[in-house]
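S.K.: Here it is, the structure in full.
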Amino acid sequence: MQKLIVALACSSASAFVAPHASVKAVLKSDPVDEIPEVAESRYEFDSNFALGLPGSLPPMGQWDPAGFTVDASDNDIRRYREAETQHGRVAMLAVLGFLVAESFHPLFADVKGPAIDHLTQVRKEYPAFFEIGALAIGGLEVNRALQGWAFPENRAAVGQLNEDYYPGDVGFDPLGLKPTDPAEFNEMATKELQNGRLAMLAAAGFIAQELVNHKPILETLRLLLLLNESEMDKEFGLNLPSGDIATIERELETGAADTFFK
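Reading the sequence shown from the start, the letters are residues -15 to -1, 1 to 247 in mature numbering (1 follows the signal peptide of the UniProt record, and there is no 0).
In structure tokens form, the structure reads like this:
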């Protein structure tokens, strides 16, 4: 688990690097660094990998090891991208929520501890807020369904997206950030996807780690840094801030009370 957190922390920078040229994807047989010119309209889907939707970057290129897109229909691929985009957005909010709410909860000052317990505390102390939140989320999902999904005329047509619906584009852009130029749009969409993918991994790591030791994630990070400094100090005598290594490891791996930062 410690390695998972360190790996996520070390890899975060890659998600914020601007793509070389986030345009339409290339065929699997093409070299990754040869990217064709962008189409006139971002709403034109083609037969390229994943319909030419943005999100493919060197060195991974057309990455689909499980073969989800091999026999998928155009509608299925667009639904996969819709799901990836929306889950990425939720994950980015979740990561931000973990880091902010565990340090200072902007809404409920008496909600404390690891974020995996916050919803339980809110439901207990402020049940009306939880119900309002559920209604708000339901409203957003209904709006997304009305925007993107075609009304089914029969059972076989269930799950069909509207032909003119671009996955993830629900019409919410209050700051007017969405570019009108296709190449700029593809670049921004790729950045969003990359950050969303990283956030999904990070959120999963946060949840798993807090289930293990039941400590806020920043507290776990501080213990990891202290453990690293303690091991370096023991090995090289660098006179770094340190503590008892066995105690730090126990507090990292279990719900033992934190004796270093309390």
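C-beta: ideal position from N, C-alpha, C; glycine also.
Starting from E126 and walking both ways along the alpha helix (DSSP H), at which residues does that stretch end?
M.R.: Its alpha helix (DSSP H) spans residues 112 to 133.
S.K.: Quick check on this structure: which residue in K200, A242, L208 has the alpha carbon closest to the alpha carbon of I230?
M.R.: Measuring from the Cα of I230, the nearest candidate turns out to be L208.
S.K.: Short check: CB of H72 to CB of M185, under 8 Å?
M.R.: Cβ atoms of H72 and M185: closer than 8 Å.
S.K.: Looking at A242: is its Cβ nearer than 8 Å to the Cβ of R235?
M.R.: Not in contact: A242 and R235 (Cβ atoms no closer than 8 Å).
S.K.: Can you tell me whether E87 is buried or exposed? The criterion is at least 16 other CB atoms within 10 Å of its CB, across all chains shown.
M.R.: Per the 10 Å Cβ criterion, buried.
S.K.: Could you check whether the region 157 to 173 touches the region 78 to 85, counting it as contact only if at least three pairs of C-beta atoms, one from each stretch, sit closer than 8 Å?
M.R.: In short, these stretches do not touch, since the Cβ pair count stays below three.
S.K.: Is L36 helix, strand or coil when you go by DSSP?
M.R.: Helix, per DSSP.
S.K.: As a quick exercise: from V197, I202, T175, N198, pick the residue whose alpha carbon is nearest that of A187.
M.R.: Nearest C-alpha to A187: I202.
S.K.: Given this structure, state the Cα-to-Cα distance separating A113 from R140, to the nearest angstrom.
M.R.: Looking at the two C-alpha atoms, the distance is approximately 37 Å.
S.K.: So the candidates are F221, G40, G98, N213; which of them puts its Cα closest to the Cα of H199?
M.R.: The residue with the shortest Cα to Cα distance from H199 is G98.
S.K.: Roughly how many angstroms separate the alpha carbons of N60 and G46, rounded to a whole number?
M.R.: Straight-line Cα distance between these residues: approximately 22 Å.
S.K.: In the structure shown, what three-state DSSP assignment does L209 receive?
M.R.: Residue state, collapsed to three classes: helix.
S.K.: From N147, E126, G124, pick the residue whose C-alpha is nearest to that of A135; which is it?
M.R.: Ranking N147, E126, G124 by Cα distance to A135 puts N147 first.
S.K.: So the alpha helix (DSSP H) T175 belongs to, where does it begin and stop?
M.R.: Looking at the DSSP string, the run of the alpha helix (DSSP H) that includes T175 is 167 to 198.
S.K.: Mind checking who L146 pairs with in its DSSP beta bridge?
M.R.: Answer is W134.
S.K.: In whole angstroms, what separates the C-alpha of A35 from that of T54?
M.R.: Whole-angstrom Cα-Cα distance: 7 Å.
S.K.: Which word fits D18, buried or exposed, when buried means at least 16 other C-beta atoms lie within 10 angstroms of its C-beta?
M.R.: For D18, the pLDDT reaches just 46, beneath the cut-off of 50, and the residue's location in the model is therefore unreliable, although a value from the coordinates is still provided. D18 should be labelled exposed.
S.K.: Using 8 Å as the limit for Cβ to Cβ distance, is Y150 near chain B?
M.R.: Any reference to chain B falls outside this structure, which holds one protein chain only.
S.K.: Is the beta carbon of G133 less than 8 Å from the beta carbon of Y150?
M.R.: Yes, these two residues count as a Cβ contact at 8 Å.
S.K.: So L212 and L237 are supposed to be a Cβ contact under 8 Å. How far apart are they, rounded?
M.R.: The Cβ separation is near 7 Å, so the contact holds.
S.K.: At the level of alpha carbons, what is the spacing between L78 and P137?
M.R.: Near 32 Å, if we compare the C-alpha coordinates of P137 and L78.
S.K.: Going by DSSP in three states, P65 sits in which element: helix, strand or coil?
M.R.: Checking the displayed sequence, the identity of residue 65 turns out to be Tyr instead of Pro. Helix at Y65.
S.K.: Would you say the beta carbon of P43 is closer than 7 Å to some non-hydrogen atom of the ligand ZN?
M.R.: For the structure depicted, the ligand ZN is absent and the ligand set is empty, with no information on it obtainable.
S.K.: Taking just the CA atoms, how far does K176 sit from A119?
M.R.: Looking at the two C-alpha atoms, the distance is approximately 29 Å.
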